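A.B. asks: Chains A and B supply the protein sequences, listed in that same order.
Taking this note's numbering, the leading residue of the first sequence gets 1, the next gets one more, and so forth.
Taking this note's numbering, the leading residue of the second sequence gets 1001, the next gets one more, and so forth.
The beta-carbon is built from N, C-alpha and C at its ideal position, and this holds for glycine as well.
Computed from a predicted structure; not experimentally measured.
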Amino acid sequence: MSQLPQDLKYTKSHEWVRTRADGSLEIGITDHAQHALGDLVFVEVPEAGRAVKSGDACAVVESVKAASDVYAPVSGEILEGNAQLASAPETVNGDAYGAGWLYRLKPAAGAVQAAQLLSPQDYQKVLDAEAG
Amino acid sequence: MGRKTPLFSLHQELNARIVDFGGWDMPVQYSSQIGEHHAVRRAAGVFDVSHMCVVDLKGPRVRAFLAALLANDVGRLRAPGKALYSCMLRDDGGILDDLIVYYLAEDFFRLVVNAGTRDKDLAWIRDRAQSFGVTVTERDDLAMLAVQGPEARAKAAQLLNPADVEAALALASFSGAAFGRWFVARTGYTGEDGFEIMMPAADAVPAWRSLNSLGVASCGLGARDTLRLEAGMNLYGNDMDESTHPYESALGWTVALSPGRDFIGRAAIEPLAKASPRRLVGLLLEDRGVLRGHQKVHVAGGGAGEITSGTFSPTLERSIAFARVPAATPAAVQVDIRGKLLNARVVKPPFVRFGRALITL
Chain A
1 MSQLPQDLKY
11 TKSHEWVRTR
21 ADGSLEIGIT
31 DHAQHALGDL
41 VFVEVPEAGR
51 AVKSGDACAV
61 VESVKAASDV
71 YAPVSGEILE
81 GNAQLASAPE
91 TVNGDAYGAG
101 WLYRLKPAAG
111 AVQAAQLLSP
121 QDYQKVLDAE
131 AG
Chain B
1001 MGRKTPLFSL
1011 HQELNARIVD
1021 FGGWDMPVQY
1031 SSQIGEHHAV
1041 RRAAGVFDVS
1051 HMCVVDLKGP
1061 RVRAFLAALL
1071 ANDVGRLRAP
1081 GKALYSCMLR
1091 DDGGILDDLI
1101 VYYLAEDFFR
1111 LVVNAGTRDK
1121 DLAWIRDRAQ
1131 SFGVTVTERD
1141 DLAMLAVQGP
1151 EARAKAAQLL
1161 NPADVEAALA
1171 LASFSGAAFG
1181 RWFVARTGYT
1191 GEDGFEIMMP
1201 AADAVPAWRS
1211 LNSLGVASCG
1221 LGARDTLRLE
1231 AGMNLYGNDM
1241 DESTHPYESA
1251 LGWTVALSPG
1261 RDFIGRAAIE
1271 PLAKASPRRL
1281 VGLLLEDRGV
1291 LRGHQKVHVA
1301 GGGAGEITSG
1311 TFSPTLERSI
1321 AFARVPAATP
1331 AAVQVDIRGK
1341 LLNARVVKPP
1351 FVRFGRALIT
1361 L
């Protein structure tokens, strides 16, 4: 198992959250998630301007096998979806924490504090528990 | 914990992801499902299909028994080794299973039925075999490997005794022969050439390793599913089951209605041969997205249908599906994917055969 990036926060549903310099958030799915899904063939990202609540399904990643929802870890407004993924969904398999980001979001006031994000250590425990 | 094939430990050693399939712990993929798919379209891959159920039927009246049991006509099987694809129907015409029947000798036929239907099939067959004096033997001592792809037969033949190679490579499509303790048939479920090989369980691991060393890729059930969908082949439980009949399952071609044949289910389905209200069609998604089983199909004029199997086609790089729709469905339909209506086109499967796209995108 590869090392989790230490500068990110995580969710139990296998999203990662990066805080950008301007306070906006970048969200993707973890390497564990992309590996579990297998080869991705379609990614649907949310449109800019959409208001989302923490826990809303706001993106979809589909592998050959199945479709999976990606949830908003934090309430806020969508700034942009990663348009590159429409023609290159496999980017998420190859670079889950980098070029494979799914969308950027402007968090609502107090939303980051209210969200139950996991540290890398706590997310690792989630993975260890799933591995049994 | 599900049932395991003789290859289970090898699948684990090869880092396969294991899933439950019809009560069996089976490899769904080894490294990349798409990579395994392309290996079969372009070169050769090997699948563990030992979970499928081999049933030997013996007795002087076995041909008469099968003429009653199966919707296709075993009378077509004249040369030993010849295979036939057929449905096995209930009295009301519902499909109990689809299977392959091999004619081995006048008193010896062999069936290969689905894993998930094993118990009900065996019970159904045994109940009806008795009055024909036919003995029914489940061959769970055998493993089965499907070696598929344009290079599959040449590679697999290298596992045989050198004296048998020429005869194995001369097998006609849809026929098989015994070579020592192996039964080799030129059949498959991928739309490519290849062999399906039944062998004693103890032979399976060394055979698999030999195939790998000859460059044959280990392939899981994930690739098997995308390959069979591209090839226009139904999957029992998805595309048909006991609640559907052959004429609404694109299987009318497997029903032999020649005069005088009296098989189980004939009376119920014969009126539907030319008047089925529904049919099973192929769909090609014109918009971006992925068609999946159970999505609703909207048909102009108010009709509705449902996708029975859908996936992303690695060969076409587009989404394809089978859907059960009203008989009068036009070529253009829409599919409801998460509340959005996306455009799809009705096409005639197969989508891909022998490595080539058969439909225009």
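1) Return the residues of the region 67 to 96 of chain A that lie within a Cβ-Cβ distance of less than 8 Å from chain B, sorted by chain order.
2) Establish whether the CB of B:V1028 and some CB of chain A are separated by less than 9 Å.
3) Please determine if the region 1089 to 1102 of chain B and the region 1266 to 1283 of chain B are in contact, where contact requires at least 3 C-beta pairs separated by less than 8 Å.
4) Please report how far the alpha carbon of A:H32 lies from the alpha carbon of A:E15, in whole angstroms.
5) Just to confirm, is the Cβ distance from A:L127 to A:V52 under 9 Å?
6) Just to confirm the assignment, what range does the beta strand (DSSP E) spanning B:Q1033 have?
7) Only counting runs of 3 or more residues, tell me where the beta strand (DSSP E) segments fall wholly within the region 1252 to 1336 of chain B, in order along the chain.
8) Identify the contact partners of A:G38 in chain B, using a Cβ-Cβ distance below 9 Å as the criterion.
9) Per the DSSP calculation, B:Q1029 is bridged to which residue(s)?
10) Determine, using beta-carbon pairs with one atom in the region 1240 to 1250 of chain B and one in the region 1103 to 1110 of chain B, whether at least three such pairs fall under 8 Å.
11) Mind pulling the chain B residues with CB within less than 7 Å of A:E62?
12) Could you give the uninterrupted runs of the beta strand (DSSP E) lying entirely in the region 50 to 127 of chain A, keeping only those of 3 residues or more?
13) Is the beta carbon of B:R1292 closer than 9 Å to that of B:I1320?
14) List in chain order: all unbroken alpha helix (DSSP H) runs of 4+ residues lying wholly within the region 1112 to 1181 of chain B.
15) Can you look up B:L1066 in the DSSP assignment and give me helix, strand or coil?
16) Could you spell out where the alpha helix (DSSP H) holding B:V1055 opens and where it closes?
17) Return yes when the Cβ of B:R1186 is within less than 9 Å of the Cβ of B:F1195, no when it is not.
18) Alpha carbon to alpha carbon, how far is B:G1282 from B:T1190?
19) Indicate the three-state DSSP secondary structure (helix, strand or coil) for A:T11 in the structure shown.
20) Any chance the region 1033 to 1047 of chain B sits against the region 1001 to 1009 of chain B, with 3 or more Cβ pairs inside 8 Å?
21) Quick one: grab the DSSP three-state call for B:N1212.
22) With distances taken from CA atoms, which of B:A1152, B:D1020 and B:L1229 is nearest B:R1042?
23) Between A:V70, A:N82 and A:S87, which has its C-alpha nearest A:Q34's C-alpha?
24) What residues match up with B:S1218 in a beta bridge as DSSP calls it?
C.D. replies: On the basis of the data shown:
1) A67 and A86
2) yes
3) yes
4) 10 Å
5) no
6) B:Q1033 -> not in any beta strand (DSSP E); alpha helix (DSSP H) instead, spanning Q1033 to R1042.
7) 1278 to 1285, 1296 to 1299, 1303 to 1313 and 1318 to 1326
8) R1017, V1028, Q1029, S1032, Q1033, I1034 and G1222
9) B:R1017
10) no
11) V1290
12) 57 to 63, 67 to 71, 76 to 81 and 103 to 107
13) no
14) 1118 to 1129, 1152 to 1157 and 1165 to 1169
15) helix
16) Counting along the chain, B:V1055 falls outside any alpha helix (DSSP H), though it belongs to the beta strand (DSSP E) covering C1053 to K1058.
17) yes
18) 16 Å
19) coil
20) no
21) helix
22) B:A1152
23) A:V70
24) B:V1046
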